[in-house]
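There are 2 protein chains.
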Amino acid sequence: MPKVVDPEARRREVAEAVFRVVRRHGLEQASLRNVADEAGLAIGSVRHYFADHDDLLRFALEELTDRLERRILVHVAAVRSASTGEGRRQAVEDLLGELLPLDPDRRDESEIWLAFTTAARTRPALRSQARRLHEGLRMIVGKVLAGGGVPDVEVETERLAALLDGLALDGVLQPDLTTPEVMRAVLRRHLASLSTG
Amino acid sequence: MPKVVDPEARRREVAEAVFRVVRRHGLEQASLRNVADEAGLAIGSVRHYFADHDDLLRFALEELTDRLERRILVHVAAVRSASTGEGRRQAVEDLLGELLPLDPDRRDESEIWLAFTTAARTRPALRSQARRLHEGLRMIVGKVLAGGGVPDVEVETERLAALLDGLALDGVLQPDLTTPEVMRAVLRRHLASLSTG
DNA sequence: AATAAGCTAGCACGGATGTGCTAAAAAGGG
DNA sequence: CCCTTTTTAGCACATCCGTGCTAGCTTATT
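Going down the list, the sequences are from chains L and R.
If you number the first sequence the way this note's numbering does, the last residue is 197 and the count never jumps.
If you number the second sequence the way this note's numbering does, the last residue is 197 and the count never jumps.
Here it is as structure tokens:
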């Protein structure tokens, strides 16, 4: 009977506003007021869709996870179909590159990822989702390595995953030093050393 | 004529209080009030030693940098003196291990490092010091690799530095998964692959 | 003992934050 | 057309923040 608004779509729009605020001014500035302003809504409207502030941030992190997962899954299929050799090498590089701030879109996503995962250390509301994201990434990396016949999969998984996390961190915090070219070169070098070593 | 208090020592004590608050509750909780409470001082006393809030955080980050630098420099000498072979390998591992959360002390330091460097992205007051820290670490890693006769020093420096950053990040955020043993194994594996590859 | 300076304590202000609550507005089904 | 229910808007309150000020305390020197 009333104005019908897909509540899930609305929540996603608000999450987008959260992302923009976080990118520009950091997670600690993602207050209800700032987010509502950024979304062009009144604070009361935002609160109608979210139980409280924690609920808002939690949903935003879930949204980020979903988006990332969707993007990665496409590449997983590509790696599977690219049977072997050079084709597979490129597919793996493309897959892992999705986790690095190589272009403006992925840069935004990495900035948001970094803000949320680090915040999760002291924000209980974010911990479980941050944990899920962390484990999901390890699972993907582990499967890629196992599929490539890399020995010592456990250590190598953590090594590659840590390298990706570190590259993303550096690329976000010192983008003029850790440029996309540098990140690509490092990733390629690492993958090459896994094949020969 | 008045009670004489070494002001620099006082500033360092307050910085310690900042560190404790940051470790426990995050950088965004390091307000003048919380820090003063933690230090057992009145807010007015803290403000007597620091021009403003930015000055406090800036000094704390400089203090962290100094402490880290002092610890690393000892190991640099050790690496230089350990001429070659197994002795050098262990010395290098010990040096780089200082940058990882391998024990409670270094864990504290890594937590604080992560909080400050990530905060520097959106806090202008911290940017220059965070930059200096970042570059200092690269310099150390670069020299270690060059001294070890590693080819492609530039790419390898960024690769190892990113790996260390990533390991520290994971060790801080998921300490039950990325344990000291895991970190040590990954670091050792990486260093080994540099020698043989 | 008097004094002058460093040091400590804390009040007051304007602004921001999360949340409880109320009331207006909007719009599709009767 | 009207009514019901979702959606929107916003006020009010307690709390916290950084900072400008102003006193009072403490103590080494004269």
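Quick reminder that beta carbons are idealized off the backbone N, C-alpha and C, glycines included.
This structure is a prediction, so every number in the text was calculated from the model and none was measured.
Under the three-state DSSP convention, the category residue i falls into
i         : result
Pro-175/L : coil
Pro-101/R : coil
Ala-15/L  : helix
Val-150/R : coil
Thr-198/R : With chain R covering only 1 through 197, there is no way to say anything about residue 198/R.
Arg-10/R  : helix
Arg-208/R : Residue numbering for chain R in the displayed model covers 1 to 197; residue 208/R lies beyond these limits and cannot be assessed.
Top-ranked residue by Cα proximity to residue i, from the options
i         : options                                  : result
Glu-69/L  : Leu-56/L, Ala-120/L, Leu-137/L           : Leu-137/L
Leu-57/R  : Asp-94/R, Ala-91/R, Arg-33/R, Ala-15/R   : Ala-15/R
Ile-140/L : Arg-47/L, Asp-176/L, Glu-98/L, Pro-175/L : Glu-98/L
Leu-164/L : Phe-50/L, Asp-176/L, His-190/L           : His-190/L
Gln-29/R  : Leu-133/R, Leu-160/R, Phe-116/R          : Phe-116/R
Leu-96/L  : Val-35/L, Leu-160/L, Ala-51/L, Phe-50/L  : Leu-160/L
Gly-85/R  : Val-74/R, Leu-61/R, Gly-149/R, Arg-106/R : Gly-149/R
Leu-145/R : Val-79/R, Ser-45/R, Ala-168/R, Asp-54/R  : Val-79/R
His-134/R : Glu-13/L, Leu-177/L, Ala-120/L, Arg-33/L : Leu-177/L
Leu-61/L  : Ala-192/L, Ala-120/L, Asp-6/L            : Ala-120/L
Pro-180/L : Val-92/L, Ala-82/L, Leu-100/L, Val-18/L  : Leu-100/L
Ser-83/R  : Val-21/R, Gly-147/R, Ser-193/R           : Gly-147/R
Arg-106/L : Gly-26/L, Pro-175/L, Leu-32/L, Arg-11/L  : Pro-175/L
Ile-72/L  : Val-46/L, Lys-143/L, Ala-192/L           : Lys-143/L
Leu-167/L : Val-92/L, Arg-89/L, Leu-114/L            : Leu-114/L
Phe-19/R  : Tyr-49/R, Val-35/R, Asp-6/R              : Val-35/R
Asp-170/L : Leu-102/L, Ala-9/L, Glu-13/L, Asp-94/L   : Leu-102/L
Neighbour list for residue i in chain L, Cβ cutoff strictly below 8 angstroms
i         : result
Arg-189/R : Asp-152, Val-155, Glu-156, Arg-159
Gln-174/R : Arg-131, His-134
Where residue i meets chain R, residues with beta-carbon distance less than 7 angstroms
i         : result
His-53/L  : What His-53/L touches in chain R: nothing, since even the nearest Cβ is about 13 angstroms away.
Ala-185/L : Val-155
Leu-114/L : Thr-118
Interface partners of residue i on chain L, CB under 7 angstroms
i         : result
Asp-170/R : Ala-162, Asp-165
Glu-28/R  : Glu-28
Thr-122/R : His-25, Gly-26
Thr-84/R  : Within 7 angstroms Cβ-Cβ: nothing; Thr-84/R doesn't reach chain L, min ~22 angstroms.
Beta-carbon neighbours of residue i, restricted to chain R and to distances below 8 angstroms
i         : result
Thr-178/L : Glu-158, Ala-162
Cross-chain neighbours of residue i in chain R, by beta carbon under 9 angstroms
i         : result
Val-182/L : Glu-154, Val-155, Glu-158
Under 8 angstroms, with one C-beta from each stretch per pair, do the stretch 153-169 of chain L and the stretch 181-194 of chain R reach the 3-pair mark? Result yes; three or more Cβ-Cβ pairs closer than 8 angstroms.
If you scan the stretch 16-90 of chain R from start to end, which runs of the alpha helix (DSSP H) of 4 or more residues do you find wholly inside it? Fully enclosed alpha helix (DSSP H) runs of 4 or longer: 32-39, 43-49, 53-81.
Assess contact between the stretch 114-129 of chain L and the stretch 61-75 of chain L, defined as three or more Cβ pairs (one per stretch) separated by less than 8 angstroms. Is contact present? Using a Cβ-Cβ distance cut-off of 8 angstroms, the stretch 114-129 of chain L and the stretch 61-75 of chain L are in contact, since at least three pairs of beta carbons, one from each stretch, lie closer than that value.
Are there three or more Cβ pairs, one per stretch, closer than 8 angstroms when the stretch 37-54 of chain L is compared with the stretch 106-116 of chain L? Contact between the stretch 37-54 of chain L and the stretch 106-116 of chain L is absent, because fewer than three Cβ pairs lie under 8 angstroms.
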